[in-house]
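Each remark here refers to the structure printed beneath this line.
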Amino acid sequence: MSRTLKIAAAQYPLDELSSPDEYRDKITRWVREAVAAGSQLLVFPEYGAMELASLAGREAAANLQGAIDAVSELLPLQADLHQRLAVEHGVSIVAASGPQRHSDGSATNVARIFAPSGKQGEYHKLMMTPWEREPWQVSAGPADGLCVFDLGQVRVGLVICYDIEFPLLSRALAEAGAEVILAPSNTETEHGYWRVRTGCMARALENQVYTVHSPTVGAATWCPPVEMNVGAAGVYAASDTGFPAGGVMALGELNKPQWVYAELDLGLLQQVRGSGGVQTYNHWGEQPGAALLPSARAVSLV
2 MSRTLKIAAA QYPLDELSSP DEYRDKITRW VREAVAAGSQ LLVFPEYGAM ELASLAGREA
62 AANLQGAIDA VSELLPLQAD LHQRLAVEHG VSIVAASGPQ RHSDGSATNV ARIFAPSGKQ
122 GEYHKLMMTP WEREPWQVSA GPADGLCVFD LGQVRVGLVI CYDIEFPLLS RALAEAGAEV
182 ILAPSNTETE HGYWRVRTGC MARALENQVY TVHSPTVGAA TWCPPVEMNV GAAGVYAASD
242 TGFPAGGVMA LGELNKPQWV YAELDLGLLQ QVRGSGGVQT YNHWGEQPGA ALLPSARAVS
302 LV
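Quick note, the sequence shown lines up with residues 2 to 303 if you use this note's numbering.
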């Protein structure tokens, strides 16, 4: 019997919030909508947590370091909410990433995944864009931070935006057992959106896995770090037998707030790796230097 998984990838707008309750109500509505559609794994985008900066006031939200501090202080609120919703609805949720300030003054971009069991995992982005490096001064996470999260019905890898443009990270996740690689993103231009989308499609092709792209969309002029957001959510697979010819399982309408859904046949991945038109997963090791991979560890959230 084939295993299947219903994915929901958010095209998520950032709102200027008036209270924590407004934020809780918004996330609850989004989650309930995806659950009503039968979704089992919900993915929110990179830097979607930046809307929390508005709760500290416009002056804080308009200042790069002030926005980081404001969001970092409110990440526990975000975590509590998403954990409760995951348990309540029996689904797994990747919460929107946000900057987390550390005791040494540095900040990293962290996304957390919440399982129906109540357990949670986290990933800190490794490959930082030029803009994150300077002027935002958001640092890379720990080099050993790659994880494959076992959710029971599926094993997922989590990277963030620019990470998906670097093949070795996703390859390490695939070799550690990831069947689906999640790539929440935040891009301000169509060029950036297409870079991430192209990365998702390439990683699906190379590793014969599913990839899931969830972006922020729309304007947020009150917060300069994320004042313009361009993208469309998508779910991608290898271009091979049993999948759409172009590898596109689902694709949203550019810049429209919405959920994008796809039903994934997980058993088909193994079939294609063994008997597809090509076997890119199996043949990876024939490349010169193919063994030069980072490590990824398994984390059970069951």
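Glycine is no exception: its CB is placed at the ideal position from the N, C-alpha and C atoms.
Less than 7 Å between C-beta atoms, sequence neighbours within five positions excluded: which residues of the same chain meet that for residue i?
{"i": "V139", "result": "P100, A108, T109, N110, M129, E133"}
{"i": "G278", "result": "D241, T242"}
{"i": "H214", "result": "A10, A184, S186, V197, R198, C201, A234, G235"}
{"i": "Q12", "result": "P216, V218, G232, A233, A234, G253, K257, P258, Q259, V261"}
{"i": "T5", "result": "E264, L265, D266, L267"}
{"i": "Q84", "result": "F115, G119, Q121"}
{"i": "P289", "result": "none"}
{"i": "T29", "result": "L86"}
{"i": "E191", "result": "V231"}
{"i": "P117", "result": "A87, V88, G91, V92, S93"}
{"i": "Q280", "result": "R274"}
{"i": "V72", "result": "A50, M51, L53, A54, G99, P100"}
{"i": "P21", "result": "L56, L78"}
My assumption, with CB atoms under 8 Å, is that residue i sits in contact with residue j. Please give the rounded CB distance.
{"i": "D145", "j": "S296", "result": "6 Å"}
{"i": "I165", "j": "A184", "result": "4 Å"}
{"i": "F150", "j": "V300", "result": "5 Å"}
Let me make sure I understand the geometry here. Which of the options has the alpha-carbon closest to that of residue i?
{"i": "A203", "options": "G49, I182, P46, A37", "result": "I182"}
{"i": "E23", "options": "Q12, E123, S55", "result": "S55"}
{"i": "V273", "options": "R196, N208, A179", "result": "N208"}
{"i": "G268", "options": "R30, E180, G248, I94", "result": "E180"}
{"i": "F45", "options": "F244, L270, L15", "result": "L15"}
{"i": "V303", "options": "S3, G91, H83", "result": "G91"}
{"i": "E123", "options": "R25, L294, I161", "result": "I161"}
{"i": "L18", "options": "L42, Q41, L43, A57", "result": "A57"}
{"i": "A96", "options": "T212, K27, E47, D105", "result": "E47"}
{"i": "M250", "options": "P131, N283, T212", "result": "T212"}
{"i": "L82", "options": "R59, A291, K27, G106", "result": "K27"}
Report yes if the CB atom of residue i is closer than 8 Å to the CB atom of residue j, and no otherwise.
{"i": "G119", "j": "V88", "result": "yes"}
{"i": "I8", "j": "L255", "result": "no"}
{"i": "P168", "j": "Y194", "result": "no"}
{"i": "W260", "j": "A35", "result": "yes"}
{"i": "P143", "j": "H125", "result": "yes"}
{"i": "L206", "j": "G248", "result": "yes"}
{"i": "A80", "j": "S98", "result": "no"}
{"i": "L270", "j": "V210", "result": "yes"}
{"i": "A141", "j": "L127", "result": "yes"}
{"i": "L65", "j": "V32", "result": "no"}
{"i": "D70", "j": "R102", "result": "yes"}
{"i": "L174", "j": "I94", "result": "no"}
{"i": "L294", "j": "R172", "result": "yes"}
Within the present structure, is the beta-carbon of residue i separated from the nearest heavy atom of the ligand NAP by less than 7 Å?
{"i": "E52", "result": "The ligand NAP is not among the ligands present in this structure, which contains no ligands whatsoever."}
Going along the chain, which residues of its own chain have a beta-carbon closer than 8 Å to the beta-carbon of residue i, five neighbours each way excluded?
{"i": "R346", "result": "Limits of the chain in this structure are 2 at one end and 303 at the other, which puts residue 346 out of reach."}
{"i": "A220", "result": "E228, M229, N230"}
{"i": "P245", "result": "A238"}
{"i": "A315", "result": "Outside the shown range of the chain, which is 2 to 303, sits residue 315, and nothing can be said about it."}
Quick one: residues in its chain with C-beta nearer than 6 Å to the C-beta of residue i, no 5 flanking neighbours on either side, listed in chain order?
{"i": "G67", "result": "A61"}
{"i": "S3", "result": "D266, G268"}
{"i": "Q41", "result": "L6, K7, V92"}
{"i": "S104", "result": "none"}
{"i": "Y163", "result": "M128, T130"}
{"i": "A291", "result": "W285"}
{"i": "Y282", "result": "N208, Q209, R274"}
Cβ contact (3+ pairs, closer than 8 Å) linking the segment 207-226 and the segment 44-54: Touching, per the Cβ criterion.
Cβ pair count under 8 Å reaching 3, the segment 233-251 against the segment 74-93: No, because fewer than three Cβ pairs between the segment 233-251 and the segment 74-93 fall closer than 8 Å, the two stretches do not touch.
Any 3 or more C-beta pairs closer than 8 Å across the segment 184-196 and the segment 145-157: Taking a cut-off of 8 Å for Cβ pairs, the segment 184-196 and the segment 145-157 do not touch, as fewer than three such pairs fall below it.
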